[in-house]
Amino acid sequence: MDRWTNRVAVVTGASSGIGAACCKDLVSKGMVVVGLARRENRLQELKESLPADQAKRFHFRKCDVGEEQDVIDAFKWIDTNLGGADVLVNNAGIVRLNVGVTNEGNSKDLRDILNTNVLGVSWCTREAFRSLQERKVDDGHILIINSVAGHKIPVSPFFSLGMYPPSKHAVTALTEILRQEFLNKKTKTKITSISPGGVDTEIFDKTIAAQLPEVMPMLRSEDVADAVTYCIQTPPNVQIHELIIKPVGEML
Numbered sequence: 088m089d090r091w092t093n094r095v096a097v098v099t100g101a102s103s104g105i106g107a108a109c110c111k112d113l114v115s116k117g118m119v120v121v122g123l124a125r126r127e128n129r130l131q132e133l134k135e136s137l138p139a140d141q142a143k144r145f146h147f148r149k150c151d152v153g154e155e156q157d158v159i160d161a162f163k164w165i166d167t168n169l170g171g172a173d174v175l176v177n178n179a180g181i182v183r184l185n186v187g188v189t190n191e192g193n194s195k196d197l198r199d200i201l202n203t204n205v206l207g208v209s210w211c212t213r214e215a216f217r218s219l220q221e222r223k224v225d226d227g228h229i230l231i232i233n234s235v236a237g238h239k240i241p242v243s244p245f246f247s248l249g250m251y252p253p254s255k256h257a258v259t260a261l262t263e264i265l266r267q268e269f270l271n272k273k274t275k276t277k278i279t280s281i282s283p284g285g286v287d288t289e290i291f292d293k294t295i296a297a298q299l300p301e302v303m304p305m306l307r308s309e310d311v312a313d314a315v316t317y318c319i320q321t322p323p324n325v326q327i328h329e330l331i332i333k334p335v336g337e338m339l
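In structure tokens, the structure reads:
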């Protein structure tokens, strides 16, 4: 991780779960970290929980990645105040369980999922890559927290996953498109999709959690954060394009 010391990492969806775990891990390893999320109070709490030396290197901005202007403004602030992002962890994602594609009155839910899970990733990646290109930084790394649902759609007897798996399948395709675009632009910027199985985060609310089997193996947020660190410290000639991680005993 030495080459990333004091360089800037941006983590979206940083207010809880995987995003918060990534912020803690990266800042503990010497990076300057910017957490982006809608819940600014949670970001402040995260900063206050860090040791003093790490808290100095943790910054945060309120940002809804489903709103393009929010993304543009956040990355402009990062460019102006911190010199630009070198690593981007596209973690922000939402799910609307039991909102089926065929349900009436579902337009806002479907739009929100696509805006956050697909367009938000696209906008954040575009702005981070623009900054890398303008600064002539050739060793940046873009990561996307995808899902096993982006490769195989699980059949659930407990609830409808609705638009969530289609949005993650789009992210799987987007990862390859970005790899090709980075290659065509003669850059060595890396792109990695990390697809976890079940992760014990707030994405499953209490109502849904009550419908899950009593014994359902789950990854910890920290397990996914470890995977992010593993991917960004590979040698310059190594690109982990897709990493699928599952808890031992997962049935899907």
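In terms of this note's numbering, the sequence shown opens at residue 88 and continues consecutively. C-beta atoms are modelled at their ideal positions from N, C-alpha and C, and glycine is treated no differently.
* List the residues that DSSP assigns as beta-bridge partners of D279. => Stepping through the sequence shown from its first residue, residue 279 is reached at position 192. For the record, residue 279 in the displayed sequence is Thr; it is not Asp. Listed as beta-bridge partners of T279 by DSSP are L230.
* Asked: For V95, which residues of its own chain have a beta-carbon under 8 Å away from its beta-carbon, when the five flanking residues on both sides are left out?
  -> For the purposes of this step, residue 95 is taken as residue 8 along the sequence shown, with counting starting at 1. So the list reads M118, V119, V120, V121, I165, L169, G170, G171, A172, D173, V174, once near-sequence residues are dropped.
* **Cβ contact check for the segment 133 to 153 and the segment 105 to 119: 3 or more pairs under 8 Å** => Yes: at least three Cβ pairs fall under 8 Å.
* Inter-residue Cα distance where the pair is E127 and S102 -> Locating residue 127 in the sequence shown gives position 40, counting from the first residue. Locating residue 102 in the sequence shown gives position 15, counting from the first residue. Going by the C-alpha atoms only, they are around 8 Å apart.
* Asked: Cα separation between L265 and I278?
  -> Looking up residue 265 in the sequence shown gives position 178. Looking up residue 278 in the sequence shown gives position 191. About 7 Å.
* Asked: In the segment 200 to 226, which residue ranges form an unbroken beta strand (DSSP E) of at least 3 residues, counting only runs that do not cross its ends?
  -> The DSSP assignment places no complete beta strand (DSSP E) segment of no fewer than 3 residues inside the segment 200 to 226.
* Asked: By DSSP, does K293 sit in helix, in strand, or in coil?
  -> To locate residue 293, count along the sequence shown from 1; it is residue 206. Any reading at K293 must be qualified, since the residue scores a pLDDT of 49, below 50, and its modelled position is unreliable; no value is offered.
* Would you be able to state if there are at least three C-beta pairs under 8 Å between the segment 144 to 156 and the segment 199 to 214? => Segments in contact, yes.
* **Per-residue DSSP class, three states only, for I165** => Position 78 of the sequence shown, counting from 1, holds the residue named residue 165. Here I165 sits in helix by DSSP.
* When the Cα of T212 is compared with those of H228, K223, R198, which residue comes out closest? -> Position 125 of the sequence shown, counted from the first residue, corresponds to residue 212. Closest option to T212, judged by alpha-carbon separation, among H228, K223, R198: H228.
* Measuring alpha carbon to alpha carbon, tell me which of D160, R307, S247 ends up nearest C109. => What you label residue 109 is simply residue 22 of the sequence shown in a count that begins at 1. The shortest Cα separation from C109 among D160, R307, S247 belongs to R307.
* To do: Rounded to whole angstroms, what's the CA-CA distance from M88 to Q320? Just pull it up for me.
  => As a position in the sequence shown, residue 88 is number 1, starting the count at 1. As a position in the sequence shown, residue 320 is number 233, starting the count at 1. M88 and Q320 have their C-alpha atoms some 6 Å from each other.
* Can you pull the DSSP bridge partners for G122? -> Translated into positions along the sequence shown, residue 122 becomes position 35. The partner list for G122 (beta bridge, DSSP) reads V98, F147.
* To do: Measure the CB-CB distance between I231 and N177 and report whether it falls below 9 Å.
  => Start at 1 with the first residue of the sequence shown, and residue 231 comes out as number 144. Start at 1 with the first residue of the sequence shown, and residue 177 comes out as number 90. Result yes, Cβ atoms of I231 and N177 sit closer than 9 Å.
* Alpha-carbon spacing of T294 relative to A257, whole angstroms -> Numbered from its first residue, the sequence shown carries residue 294 at position 207. Numbered from its first residue, the sequence shown carries residue 257 at position 170. Low confidence applies here, because T294 scores a pLDDT of 48, under 50, leaving its location unreliable and the question unanswered by this model.
* Got a sec? Which residues, its chain only, sit under 6 Å from H146 by beta carbon, not counting five neighbours each side? -> Within the sequence shown, residue 146 is the residue found at index 59, counting from 1. Exclusion of the five residues before and after H146 leaves V121 as the residues of its chain whose Cβ lies within less than 6 Å of its Cβ.
* With distances taken from CA atoms, which of F216, S280, D287 is nearest P304? -> If you number the sequence shown from 1, residue 304 lands on position 217. Nearest C-alpha to P304: D287.
* Give every residue of the same chain whose Cβ lies closer than 7 Å to the Cβ of F269, excluding the five residues on either side of it in the sequence, and list them in chain order. => Residue mapping note: residue 269 aligns to position 182 of the sequence shown, counting from 1. Closer than 7 Å at Cβ, skipping near neighbours: T276, I278.
* To do: Give the C-beta separation of N233 and S280 to the nearest angstrom, bearing in mind that I take them to be a contact with Cβ-Cβ under 8 Å.
  => To locate residue 233, count along the sequence shown from 1; it is residue 146. To locate residue 280, count along the sequence shown from 1; it is residue 193. Under the criterion of beta carbons closer than 8 Å, N233 and S280 qualify as touching, at roughly 5 Å.
* To do: Pull up the distance between the alpha-carbon of S136 and that of L130, whole angstroms please.
  => Locating residue 136 in the sequence shown gives position 49, where the first residue counts as 1. Locating residue 130 in the sequence shown gives position 43, where the first residue counts as 1. Between S136 and L130, the alpha-carbon positions lie close to 10 Å from each other.
* Asked: To which residues of the same chain is T259 closer than 7 Å at the C-beta, ignoring the five residues directly before and after it?
  -> For the purposes of this step, residue 259 is taken as the residue at position 172 of the sequence shown. If we look at T259 and ignore the five residues flanking it on each side, its Cβ neighbours are N233, G237, H238, S280.
* Bridge partners of L306, per DSSP? -> For the purposes of this step, residue 306 is taken as residue 219 along the sequence shown, with counting starting at 1. For L306, which the question treats as bridged, DSSP gives the partners V286.
* Cα separation between V311 and F246? -> To locate residue 311, count along the sequence shown from 1; it is residue 224. To locate residue 246, count along the sequence shown from 1; it is residue 159. Straight-line Cα distance between these residues: approximately 24 Å.
* Asked: Got a sec? Which residues, its chain only, sit under 7 Å from V208 by beta carbon, not counting five neighbours each side?
  -> For this step, residue 208 is matched to residue 121 along the sequence shown. Cβ within range, chain order: N177, I231, V258, L261.
* **Interface flag, R266 vs chain B, CB-CB below 9 Å** => The chain inventory of the structure shown lacks chain B, comprising one protein chain alone.
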